[in-house]
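Report on one structure; see the data block that follows.
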DNA sequence: ACAACCACTTAGTACCGGTGCA
DNA sequence: TGCACCGGTACTAAGTGGTTGT
């Protein structure tokens, strides 16, 4: 692929017109004949996303491969041959046997119920108790299979790799408006047992196999339409250029729609990403006005206005998510700002020498716990007392508010403003401020990168991006410490030698000491970084919340290679920004 | 007004394969 | 040469927010 730098004039959809910008663009030589420059293409209005779209359709999950006859299932201690359909579902369970959740009541109940639906009537009458089912031979068989896969010869592994590459080349790309673009997820999700996050009421349910007849294909009329597998038909072929997806189907657990879409490196995703940060930068210009407004609204005589103002304060100060309502019993019980309940807050008139402290404790997205003690203004505190008065723990804190009301209000304050823009804005501005504050131009490269990671970490903490500490964390910390100790010893040795050699090769020994000192420093920095990162995930904020131009400008300003901050995939995703941002870019 | 639906972004985790070390 | 480790990636669930229909 050839990379070409140039100026792209983009008029963004609708009424919003954004200024001209430089943008790095990938051009496919083979397609250059038709459309030599991406930036010569017109921008679409009225929600049109493309003019031409051609692709090969999805890759289906491989069909079920029945167990060999020596791998047996036992019911109540006795061998029982299962029908192919029932056997397949049983293997899903067998593959998860080592996981804790196969012991959970809800998981077992849901699985058993759905499994029975797949049984023949004979099987249904025989199998009446999940506890009497013995999947252990199946489980052992799959473990052996995975061992065998690991032990394959280089040649066999190479063959598989080549086959995957072939599939990727055939199905992994599409043509959208004269550009070959990478598809993000061209494989249909295979059948299996649903495992939601946290305490999910539907865990263990059977996620059914997707067939051609479930698939809606979206492509342009004048494209070569993808062919369904022989003997099958698509549910529908449509030509909707107001959407970006290539393929969709309805999933059976929540009844929601799943999509095949393009990779983040694609034009369509990149432009949207850029737009998102431009909206956040527009918020920067008016955020003080909005803050003054909501502070004023804390005093409103209308309860709904006060609630709106306090919620917005939380969203702004704590980077909480909006908090849409959710259907009870359909998903795990998690909340965001607007859906907070009385039970999620504890008010402390005084705590640890601070006045008006609010203690938050709730499960947010992905059932990640949000726990925080925050001193708030007296007015906020008094309002919260008011909102909580005469309510049960399970009552909504903001009973006069929801995300729709809040977003309508925000829309009036700034064009394109919604609750999530505050998260983007606060994340990016925090990175910018932290970098400005803590980067020391005297530092060497590893120390500067430590500063960067610390700035990134401040954002991840703000956004509550947590991770389970890696299973091998303690061990890998220990290993690193061992390395550090060894390096220290080596340094001591080198210093001793330098002292001894008054005349011979002093210069080279000085250099050796210096080199070892540098290595030691690098290791120590690495240890600090890793320790501070134990329970914090940096990836999510880096990928979704931090305007990449901030990081790129920082790299340029301090002479750090961009490769140290962004890996290959990330550089592809942020190609637009890499070209756009000079060393003086400020968010 | 609000519920249902749809499209799209954001999210953590499991897994894989390359790398570097004993 | 085998193995641990780590970064990268695939996967897919879980959010947000707009639109549509009643």
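Numbering (my numbering), first residue to last: 132 to 718.
From the three backbone atoms N, C-alpha and C, an ideal C-beta is built for every residue, glycine too.
If you're wondering where the values come from, they're calculated on a predicted model, not measured in any experiment.
Helix, strand or coil for residue i, going by three-state DSSP, please let me know.
| i | result |
| --- | --- |
| residue 90 | In the structure as shown, the chain begins at 132 and stops at 718. Residue 90 is therefore absent and cannot be evaluated. |
| residue 342 | coil |
| residue 161 | For residue 161, the pLDDT reaches just 38, beneath the cut-off of 50, and the residue's location in the model is therefore unreliable, although a value from the coordinates is still provided. In the structure shown, residue 161 sits in a helix (DSSP, three-state: H, G or I). |
| residue 527 | strand |
| residue 492 | strand |
| residue 135 | Because residue 135 carries a pLDDT of 32, less than 50, the predicted location of this residue cannot be relied on, and the following value inherits that uncertainty. Correct three-state label for residue 135: strand. |
| residue 704 | helix |
| residue 181 | coil |
| residue 634 | coil |
| residue 656 | helix |
| residue 510 | helix |
| residue 519 | helix |
| residue 379 | strand |
| residue 187 | coil |
| residue 204 | strand |
| residue 171 | Note that residue 171 has pLDDT 46, beneath the 50 cutoff, so the model's placement of it is unreliable and no number is given. |
| residue 487 | strand |
| residue 166 | Any answer about residue 166 is weak, because its pLDDT of 43 lies below 50 and its placement is not dependable; what the coordinates show is given next. In this structure, residue 166 counts as coil in the three-state DSSP scheme. |
| residue 323 | strand |
Could you give the residue range of the alpha helix (DSSP H) that holds residue i?
| i | result |
| --- | --- |
| residue 580 | 576-593 |
| residue 408 | 398-428 |
| residue 238 | 236-248 |
Tell me which residue opens and which closes the beta strand (DSSP E) that residue i is part of.
| i | result |
| --- | --- |
| residue 311 | 310-313 |
| residue 357 | Counting along the chain, residue 357 falls outside any beta strand (DSSP E), and DSSP gives it neither H nor E. |
| residue 506 | 500-506 |
| residue 209 | 209-211 |
| residue 562 | From DSSP, residue 562 is part of no beta strand (DSSP E) but of the alpha helix (DSSP H) over 550-569. |
| residue 719 | The chain is shown only over 132 to 718; residue 719 falls outside these bounds and no answer can be derived. |
| residue 477 | 476-482 |
I want to check one thing, is the minimum distance from the CB of residue i to the heavy atoms of the ligand HEM below 7 Å?
| i | result |
| --- | --- |
| residue 710 | Here there are no bound small molecules, and the ligand HEM is not part of this structure. |
Please say whether residue j and residue i have beta carbons closer to each other than 8 Å?
| i | j | result |
| --- | --- | --- |
| residue 533 | residue 468 | no |
| residue 224 | residue 234 | no |
| residue 667 | residue 591 | yes |
| residue 681 | residue 581 | no |
| residue 272 | residue 213 | no |
| residue 278 | residue 397 | no |
| residue 559 | residue 678 | yes |
| residue 365 | residue 343 | yes |
| residue 399 | residue 180 | yes |
| residue 411 | residue 425 | no |
| residue 584 | residue 672 | no |
| residue 615 | residue 655 | yes |
| residue 450 | residue 593 | yes |
| residue 495 | residue 501 | yes |
| residue 305 | residue 458 | no |
| residue 191 | residue 360 | yes |
State buried or exposed for residue i, treating a residue as buried only when at least 16 other CB atoms are found within 10 Å of its CB.
| i | result |
| --- | --- |
| residue 610 | exposed |
| residue 438 | buried |
| residue 570 | buried |
| residue 189 | buried |
| residue 249 | buried |
| residue 705 | buried |
| residue 291 | exposed |
| residue 388 | exposed |
| residue 561 | buried |
| residue 275 | exposed |
| residue 517 | exposed |
**Item:** Stretch pair the stretch 323-336 + the stretch 239-255: three plus CB contacts closer than 8 Å
**Value:** Result yes; three or more Cβ-Cβ pairs closer than 8 Å.
**Asked** Pairing CB atoms from the stretch 414-421 with CB atoms from the stretch 506-513, are three or more of them under 8 Å?
**Response** The way I'd put it, the stretch 414-421 doesn't touch the stretch 506-513; fewer than three beta-carbon pairs between them come closer than 8 Å.
**Item:** Contact the stretch 400-418 vs the stretch 328-337: 3+ CB pairs below 8 Å
**Value:** Look at the beta carbons and you see the stretch 400-418 not touching the stretch 328-337: under three pairs across the two are nearer than 8 Å.
**Cβ pair count under 8 Å reaching 3, the stretch 541-549 against the stretch 472-484** = Verdict: no, contact absent.
**Message:** Tell me whether the stretch 692-701 and the stretch 622-630 touch, counting them as touching only if at least three CB pairs, one residue from each stretch, are closer than 8 Å.
**Reply:** Segments in contact, no.
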